[in-house]
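Chains as they are written, first to last, in our numbering: chain A, 501 to 875; chain B, 19 to 646.
Every residue, glycine too, gets a C-beta built ideally from N, C-alpha and C.
Since we're looking at a predicted model, the values are computed, not measured.
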Amino acid sequence: MNVTLARLRHALLRMIVRPRLDLPLALALLLLAGVGLLTLTSAADLEVHVIVAQATRFVLGALLLLAVSRVPPVRLRSLTPWLYAISTLLLVVVAALGEGRGAHRWLNLGVLRFQPSELLKLTMPMMVAWYLAQRPLPPRWRDMAVVGLLIAVPAVLIAKQPDLGTALLVAAAGVFALFLSGLAWWRIGVLFGSLVLALPIAWHSRFIHQYQRDRVLTLLHPESDPLGTGWHIIQSEIAVGSGGWFGKGWHQGTQSRLEFLPEHTTDFIFAVFAEEFGLIGVILLVALYAFIIGRCLWIAVNARDTYSRLLGGALAMSFFVYVMVNGGMITGILPVVGVPLPLVSYGGTSAVSLLTGFGVLMSIHAHRKLVDSRA
Amino acid sequence: MLRRPALKDPRREHASFRARAWIGYALILLALSGLLARFFWLQVVQHQEFVTRANANRIRLVYLPPPRGLIYDRNGVLLADNVPAYRLEVVPERVPHMQAMLQQLAQVVPLSAEDLRRFRDELAQQRPFQSVPLRLKLSEDEIARFAINQWRFPGVAVVPYLMRNYPQGKLFAHVLGYVGRIDENEQARLDPELYAGTLQIGKSGIERQYETLLHGKPGYELVEVNVDQRPLRVLERVPPTPGRNLYLSIDARLQQAGEAAFAGRPGAAVAIDPRNGQVLALVSVPSYDPNLFVSGISDADYRALLDDPDKPLLNRALRGLYPPGSTVKPYLALGGLELGLRTPQDTVDSTGEFYLPGQKRGYRDDQRGGVGRVAMVQAIEQSVNTYFYKLALDMGIDRLATWMGRFGFGRPSGIDLPAEASGVLPSPAWKRATFHQPWYLGETVIAGIGQGYWVVTPLQLAHALATLADHGVARAPRLLLAEQSGMGAPRVPAPPAPVTPSFATSVPDWDTVVQGMVGVVNGDKGTARGLGVGFPYPIAGKTGTAERYSRTTSAYDTHLTNAQLAARHRALFECFTPAADPRIAVVVVLEHGAWGGSAAAPIARRILDAWARERGLPDTPLTQAPPG
Chain A
501 MNVTLARLRH
511 ALLRMIVRPR
521 LDLPLALALL
531 LLAGVGLLTL
541 TSAADLEVHV
551 IVAQATRFVL
561 GALLLLAVSR
571 VPPVRLRSLT
581 PWLYAISTLL
591 LVVVAALGEG
601 RGAHRWLNLG
611 VLRFQPSELL
621 KLTMPMMVAW
631 YLAQRPLPPR
641 WRDMAVVGLL
651 IAVPAVLIAK
661 QPDLGTALLV
671 AAAGVFALFL
681 SGLAWWRIGV
691 LFGSLVLALP
701 IAWHSRFIHQ
711 YQRDRVLTLL
721 HPESDPLGTG
731 WHIIQSEIAV
741 GSGGWFGKGW
751 HQGTQSRLEF
761 LPEHTTDFIF
771 AVFAEEFGLI
781 GVILLVALYA
791 FIIGRCLWIA
801 VNARDTYSRL
811 LGGALAMSFF
821 VYVMVNGGMI
831 TGILPVVGVP
841 LPLVSYGGTS
851 AVSLLTGFGV
861 LMSIHAHRKL
871 VDSRA
Chain B
19 MLRRPALKDP
29 RREHASFRAR
39 AWIGYALILL
49 ALSGLLARFF
59 WLQVVQHQEF
69 VTRANANRIR
79 LVYLPPPRGL
89 IYDRNGVLLA
99 DNVPAYRLEV
109 VPERVPHMQA
119 MLQQLAQVVP
129 LSAEDLRRFR
139 DELAQQRPFQ
149 SVPLRLKLSE
159 DEIARFAINQ
169 WRFPGVAVVP
179 YLMRNYPQGK
189 LFAHVLGYVG
199 RIDENEQARL
209 DPELYAGTLQ
219 IGKSGIERQY
229 ETLLHGKPGY
239 ELVEVNVDQR
249 PLRVLERVPP
259 TPGRNLYLSI
269 DARLQQAGEA
279 AFAGRPGAAV
289 AIDPRNGQVL
299 ALVSVPSYDP
309 NLFVSGISDA
319 DYRALLDDPD
329 KPLLNRALRG
339 LYPPGSTVKP
349 YLALGGLELG
359 LRTPQDTVDS
369 TGEFYLPGQK
379 RGYRDDQRGG
389 VGRVAMVQAI
399 EQSVNTYFYK
409 LALDMGIDRL
419 ATWMGRFGFG
429 RPSGIDLPAE
439 ASGVLPSPAW
449 KRATFHQPWY
459 LGETVIAGIG
469 QGYWVVTPLQ
479 LAHALATLAD
489 HGVARAPRLL
499 LAEQSGMGAP
509 RVPAPPAPVT
519 PSFATSVPDW
529 DTVVQGMVGV
539 VNGDKGTARG
549 LGVGFPYPIA
559 GKTGTAERYS
569 RTTSAYDTHL
579 TNAQLAARHR
589 ALFECFTPAA
599 DPRIAVVVVL
609 EHGAWGGSAA
619 APIARRILDA
629 WARERGLPDT
639 PLTQAPPG
């Protein structure tokens with residue numbers, strides 16, 4: 501008993517005292533979390549409990565990151581099919597008896613409520629990487645079909661909740677793994693072409709909710725419905741545009757402080773940031789994101805095996821999707837879908853799952869030097 | 019065909035991955051640059067546009083309507099003020115279902131059909147974010163009930179405001195007029211800047227005449243609001259400039275005395291200070307409560323006022339049209355002297371009947387059989403018709419009209435009140451223009467005793483009387499005495515009324531006429547004899563009783579009883595005092611009075627008594643009613 505405890509303590513101490521981290525990435529994440537808390541403090545109008553809650557999640561996420569970073573990719577790889585199966589199963593459970601306002605996204609485990617779809621953000625690229633890593637690359641049509649199925653089942657379940665934003669992120673993670681596996685460009689062309697052709701059919705299908713259609717239509721003409729769906733876009737653009745070069749200053753953004761900007765602590769927090777710190781702040785923040793993505797790709801490139809490479813690369817590139825979709829949404833060039841700005845938007849599961857993902861990348865980085873013949 | 023199983027090639031896979039990763043990163047950087055370009059477009063290129071819209075979001079311009087100026091009488095008695103009140107206002111864009119909201123609200127706070135109609139009218143005119151008043155003048159009970167239920171009615175609020183109040187009620191309604199809700203026509207004509215936030219405007223009387231003085235200038239507040247339009251802080255405040263306080267020449271005690279003297283009988287009285295044209299009293303009976311109009315009069319109340327046979331809404335002093343009857347005689351007599359047609363000593367034989375040469379139609383004296391030979395003074399004193407029939411004939415209608423016109427007959431007196439009637443000064447020109455008919459000599463005869471086409475308003479008569487009393491100096495009657503920029507500020511006297519220089523050429527002539535008028539009150543045979551009993555100054559007066567004659571025949575209409583006659587007759591009385599140095603001129607018209615001397619004159623005396631009392635003169639009420 502004592503021995504077990506002592507080992508656990510030892511492991512924890514090692515984890516914190518001698519973390520296996522990529523220092524530039526860790527520092528960049530720390531900086532990002534700092535910027536996130538600063539922005540949230542303003543967006544939440546100095547409400548202490550919101551900031552404390554978010555900081556707590558960051559600490560929890562950081563601990564998870566440290567813990568995951570010590571798990572060798574080999575171990576992750578062996579667990580992958582199980583993790584994928586379990587998370588997909590949970591999605592089915594949620595579809596059956598989940599709870600949530602309007603959308604069935606949440607699973608209540610008594611002590612904590614969480615969205616199983618968040619798990620897929622991690623298990624999806626793991627699964628695709630797992631499958632492709634044992635296939636001859638570049639993949640052929642058959643592999644593509646299998647990967648397509650692996651992506652489609654959870655993505656459709658999530659989209660049905662309905663949570664188009666998360667479905668998009670989950671699907672993107674799988675698609676990126678496929679892209680990084682060296683899929684031939686002509687195949688990519690065929691895929692893309694058929695997607696474009698399928699778009700009008702999907703648009704009219706029952707699969708797309710009317711409100712989702714409205715959001716896209718509203719994007720094209722936000723002024724047509726200034727108090728309904730267009731309100732978000734209009735108010736967000738006003739917030740961003742009125743920020744100018746240098747912004748209105750921290751906690752001086754009138755759009756968020758006076759609550760003209762809806763969802764200003766969560767999905768639209770980027771607009772708060774843009775209003776208060778201006779274009780200069782936006783450029784610096786986007787540069788920080790670009791650096792994080794680049795660093796993650798660099799880690800992936802230097803990974804020791806195909807599984808780690810594909811997984812790391814997919815995680816890095818899906819991180820980009822967050823930034824792009826959220827940024828596009830608040831500036832009115834993409835429809836309003838619920839995608840948070842990573843590590844800035846208020847919200848528990850997102851921060852924790854993101855940091856866990858970075859934990860995986862840290863682990864890939866930490867284990868790159870080990871020679872492993874099983875690649 | 020042999021299909022070679024693909025083999026894993028770690029090195030190639032690594033190289034392929036590296037290439038894909040950097041291509042992917044390049045695409046990512048490209049996409050992020052595109053995103054930044056969008057930010058540049060919004061934050062730099064369109065920056066100004068969005069700054070404007072952000073400010074439009076958060077800053078509301080709230081107009082602060084100016085408190086309306088107060089109105090006092092000449093001694094500082096409050097006639098119109100503002101009292102705090104509360105009204106319900108609705109911001110249309112904050113109400114999801116207007117119809118349902120109004121129905122539910124009506125169960126909490128009573129809303130009349132009139133309120134709803136007015137609200138809908140205004141709703142159609144206003145922008146959706148501007149609040150529209152729904153109910154004025156909430157009671158404390160209603161405010162409390164609404165406060166409990168407020169959460170059910172987003173976009174509806176109780177708003178304090180200043181409500182016009184007339185503490186004297188109906189006593190001054192025909193002087194002050196009233197304020198009411200600004201209607202569509204007024205809205206179109208008013209300066210929107212000046213009336214921003216103001217609900218009411220002077221509709222009649224002084225309130226309308228001096229609207230520009232009373233209104234003031236609105237201030238404003240720039241208020242920062244949140245998305246619920248809740249004001250958070252005031253960014254800038256410019257206080258309103260209150261309207262100017264007005265002091266009227268009216269003396270509330272004279273007004274009171276005059277009104278009381280009518281005892282509810284329809285009629286009008288006007289008192290003017292001949293020395294300066296200041297109106298001391300302007301009474302029209304019956305009257306109405308102007309407070310009813312302030313918050314929007316109900317249909318029922320309004321209909322009751324309109325349907326009242328005594329027409330309380332009619333301002334009889336300004337717009338009541340009456341044949342002047344014998345009250346014109348002093349002016350005519352003066353004309354006879356001034357035009358050289360008569361000397362004071364010339365006499366006329368009154369036989370009771372007067373005939374034009376070659377006509378059978380007779381013109382009657384008041385007394386059967388006449389009063390015998392009379393000179394001018396007796397003619398005025400006893401109101402001898404024959405004397406004036408002849409005088410009018412000698413003068414001729416053209417000279418008569420010109421002369422009487424100098425006293426202001428036939429045109430508005432120029433008082434500072436809106437909607438004054440002109441009356442009719444008969445002349446061939448007027449008759450041609452009105453009826454396209456020639457003038458007949460007989461019409462000249464009856465014009466000499468104020469009958470026929472003659473129509474005057476009590477105010478016109480008072481104006482003429484004041485002109486007579488002041489020896490031919492015609493001053494437009496004035497109600498505004500002084501104005502004041504705020505409580506305690508110095509009173510700024512109003513500019514004097516327009517004056518035309520005296521047209522009198524011989525002062526002794528005027529004194530002769532005044533002597534006749536003094537005889538009316540003090541002579542043995544005066545038509546208002548006894549009226550001056552106990553009064554400290556000599557009073558000069560003249561009675562008038564219009565429409566004594568049947569219109570259709572020249573005979574006494576013996577079929578009518580006295581009461582019926584009384585109902586048809588207008589009793590008039592004009593007087594000024596002190597006779598030698600007039601300081602007050604009073605005209606009284608009583609619609610249902612039988613005789614000028616007995617019915618109208620006592621009302622004038624009551625006003626004079628109040629005037630004398632105010633000057634510390636012995637208070638000796640009239641004890642003996644003068645005979646008719």
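Pairing Gly282/B with Asp326/B, the inter-Cα distance amounts to about 13 Å. Neighbourhood of Gln755/A in chain B, by CB distance below 9 Å: Ala72, Asn75 and Arg76, in chain order. Distances from the alpha-carbon of Val113/B to those of Pro128/B, Ala351/B, Val174/B and Pro85/B put Val174/B closest. When the beta-carbon positions are compared, Tyr184/B and Leu88/B stay at least 8 Å from each other. Between the region 261-275 of chain B and the region 501-509 of chain B there are three or more C-beta pairs closer than 8 Å, enough to call the two in contact.
When DSSP assignments are scanned along the region 613-651 of chain A, the uninterrupted stretches of alpha helix (DSSP H) that are 4 or more residues long and fall wholly within it turn out to be 616-633. When the five nearest sequence neighbours on each side are left out, the beta carbons in the same chain lying within less than 6 Å of the beta carbon of Pro308/B are those of Tyr184, Ala191 and Tyr196, in order along the chain. Within the region 192-261 of chain B, the alpha helix (DSSP H) runs of at least 4 residues that lie entirely inside it are, in chain order, 202-207, 223-227 and 229-233.
For Thr754/A, the three-state secondary structure derived from DSSP is helix. Among the CB atoms of chain A, one or more fall inside 8 Å of the CB of Gln61/B. In this structure, the alpha-carbon of Pro581/A lies about 8 Å from that of Trp630/A. Taking the C-beta atoms as reference points, Pro151/B is found no nearer than 8 Å to Pro258/B. DSSP places Tyr822/A within a helical segment (H, G or I) once states are collapsed to three.
Taking the beta carbon of Trp745/A as reference, the chain B residues within 9 Å of it are Gln61, Val62 and His65, listed in sequence order. Fully contained in the region 479-557 of chain B are the following alpha helix (DSSP H) runs of length 4 or more, in chain order: 525-540. Taking 7 Å as the upper bound on Cβ-Cβ separation, chain B lies near residues Phe679, Leu680 and Gly682 of the region 663-684 of chain A.
The beta-carbon of Gly234/B is placed no less than 8 Å from the nearest beta-carbon of chain A.
For Arg105/B, DSSP records a beta bridge to Val177/B. Within the region 41-58 of chain B, contact with chain A at the beta-carbon level (separation under 7 Å) is assigned to Gly42, Tyr43, Ile46, Leu47, Ala49, Leu50, Leu53, Leu54, Arg56, Phe57 and Phe58. Chain-order list of chain B residues neighbouring Thr806/A: Lys26, Pro28, Glu31, His32 and Phe35, by C-beta distance under 9 Å. Two segments are said to touch when three or more pairs of C-beta atoms, one from each, lie closer than 8 Å; by this definition the region 346-360 of chain B touches the region 531-546 of chain B.
Beta bridge pairing from DSSP links Gly390/B with Ser368/B.
In the structure shown, Arg382/B adopts extended strand secondary structure according to DSSP, grouped into three states. Counting every other CB atom within 10 Å of its CB across the protein chains shown gives Ser524/B a total below 16, marking it as exposed. The straight-line gap separating the alpha-carbon atoms of Gln502/B and Phe57/B is approximately 59 Å. Residues of chain B with a Cβ closer than 9 Å to the Cβ of Glu737/A are, in chain order, Leu60, Gln64, Phe68 and Arg71. By the rule that beta-carbons nearer than 8 Å mark a contact, Phe692/A does not touch chain B. It is roughly 11 Å from the alpha-carbon of Leu531/A to the alpha-carbon of Tyr789/A. The Cβ of Arg38/B sits closer than 8 Å to at least one Cβ of chain A.
In this model, Lys235/B and Glu229/B are separated by some 12 Å (Cα to Cα).
Contact annotation, Lys155/B with Ser313/B: C-beta distance approximately 4 Å; criterion of less than 8 Å satisfied. Contact annotation for Val245/B against chain A: Gln735, Leu758, Glu759, Phe760, Leu761 and Pro762 [CB-CB distance below 9 Å, chain order]. Restricting attention to Gly832/A, Trp798/A, Ser853/A and Leu538/A, the CA atom closest to the CA of Arg38/B is found in Trp798/A. Under DSSP, no beta-bridge partner is assigned to Pro436/B.
Taken through DSSP and simplified to helix, strand or coil, Ile290/B comes out as strand. DSSP lists Thr561/B and Val606/B as the bridge partner or partners of Phe591/B.
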